[in-house]
Amino acid sequence: MSRWKCICSYDGTGFTGWQTQPTQDAVQDTIEKGLKKILKEPIRIQGSGRTDAGVHALGQVFHFDATWRHSVEKLQAAIHSRVPETIRIESVEEVDDDFHARYSATGKRYHYRIHLGQANPFDARYMTSLFCKLDLEAIRLAGQSLLGEHDFTAFAADNGSDDGENPVKDFRLFELVEKGQEIRFIFEASGFRYKMVRSLSGALIRVGRGVLTPDDFKRILDSRVRTKDVVTSAPQGLFLEKVYY
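Just so you know, my numbering puts the end of the sequence shown at 271, numbered straight through with nothing missing.
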């Protein structure tokens, strides 16, 4: 039996997120159903982390253990033939048994897409449309306060469980990129709390609208207390871009 590391991308629009659900319509459920057909036995995959309903991925990572006597190219093609076109297997490789998609990860990179105005029908489910002007320099200034090690409890949502995750993360990068009417927030850190990227994006949008100042944003971060000042942004603009190992 070997351990297989896979990188996949997916359009999250029609899924209830990454993590398996009783309704069996999450990305994980869909891939596991495909693997069961290929390998003729139930297969449990382990992802690098969950994404919410409507959130997309360019580089989600998962692993599973199975016996496969053919080439990795044939395994990749077999999985593709058993999943919908909204999921793409970018790569498959055999790895050591001590590799774990979640626990071996050293960092993640996300980006959040915003269209200033009404996005066209072909992009609308991949970005958030805002009908207001944003102060981009204020957002950049606020974003710089994220860099370094911080307790991100103020930007984490309560998921109803106490999993003992360390709230302190090493935040390595924040960038704001402009391209025409689209702006993109880029976040890179050692890890992210539940709904942390969407919460950061929502708060930064409020900074851009003048509801919060950059000093307010830093005060919220330092407080380690989530309040109504932190609003979770819509899911469709968020992409898990890359997982680092």
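Note that the Cβ used here is the ideal one computed from N, Cα and C, for glycine as well.
Nearest-angstrom Cα distance between Arg-128 and Trp-44?
Rounded to the nearest whole angstrom, the C-alpha separation of Arg-128 and Trp-44 is 13 Å.
Hey, out of Glu-201, Ala-183, Ala-103, whose CA is closest to Arg-166's CA?
Of all alpha-carbon atoms in Glu-201, Ala-183, Ala-103, the one lying nearest the alpha-carbon of Arg-166 is that of Glu-201.
With a CB to CB cut of under 8 Å and the five nearest residues on each side skipped, what residues in its chain are close to His-89?
Arg-29, Trp-30, Lys-31, Cys-32, Ile-71, Gln-72, Val-121, Phe-125, His-126, Ala-127
Which same chain residues, not among the five before or five after Val-256, have their C-beta less than 7 Å away from its C-beta?
Ala-180, Phe-181, Ser-225, Gly-228, Ala-229, Ile-246
Which value, in whole angstroms, describes the spacing of the CA atoms of Thr-49 and Thr-93?
28 Å
Am I right that Leu-266 and Gly-85 are in contact with their C-beta atoms under 8 Å? What's the rounded C-beta distance?
7 Å
Taking the alpha carbon of Lys-159 as the point to measure from, which residue in Ser-97, Gly-174, Ile-69, Ile-140 has its own alpha carbon closest?
Ile-140
Pick out whichever of His-82, Val-81, Lys-63, Asp-78 has its Cα sitting closest to the Cα of Ser-107.
Checking every option, the nearest Cα to that of Ser-107 belongs to Lys-63.
Just curious, the alpha helix (DSSP H) that Asp-241 is in, first and last residue?
Where Asp-241 is concerned, the enclosing alpha helix (DSSP H) stretches over 240-249.
Who are the near neighbours of Gly-143 in its chain, counting only those whose CB is closer than 6 Å to its CB and skipping five residues on each side?
Gln-207
DSSP state of Lys-100, grouped into three classes?
helix
What residue range does the beta strand (DSSP E) around Ser-55 cover?
For clarity, residue 55 is Asp in the given sequence; the question names Ser instead. Per DSSP, Asp-55 belongs to no beta strand (DSSP E); it is in the alpha helix (DSSP H), 53-65.
Taking the beta strand (DSSP E) that Gln-262 falls in, what are its first and last residues?
That residue, Gln-262, is in no beta strand (DSSP E); it is neither H nor E in DSSP.
State the beta-bridge partners of Gln-124 as determined by DSSP.
Just to set this straight, residue 124 is Asp in the shown sequence, not Gln. Asp-124 is not bridged to any residue.
Can you round the beta-carbon distance between Arg-219 and Glu-191 to whole angstroms, since I take them to be within the 8 Å contact cut?
Between Glu-191 and Arg-219 the Cβ distance is about 7 Å, and since that is below 8 Å, they are a contact.
Give me the Cα-Cα distance between Val-269 and Ala-131, rounded to the nearest whole angstrom.
Straight-line Cα distance between these residues: approximately 7 Å.
CB His-82 to CB Asp-37, shorter than 8 Å?
Taking 8 Å as the cut-off, the Cβ atoms of His-82 and Asp-37 count as close.
For Leu-142, which three-state DSSP category applies?
DSSP places Leu-142 in strand when its eight states are reduced to three.
In angstroms with no decimal places, state the Cα-to-Cα distance between Gly-169 and Met-27.
46 Å
I need the straight-line Cα distance from Lys-205 to Asp-123, nearest angstrom please.
43 Å
Identify, in the order they occur along the chain, each residue of the same chain with its Cβ nearer than 6 Å to the Cβ of His-87, setting aside the five sequence neighbours on each side.
Per the sequence shown, the amino acid found at residue 87 is Val instead of His. For Val-87, where only same-chain residues beyond five positions count, the Cβ hits under 6 Å are Ile-33, Ser-74, Ala-127, Val-269.
Rounded to a whole number of angstroms, what is the C-alpha to C-alpha distance between Ser-117 and Gln-102?
Rounded to the nearest angstrom, the two C-alpha atoms are 7 Å apart.
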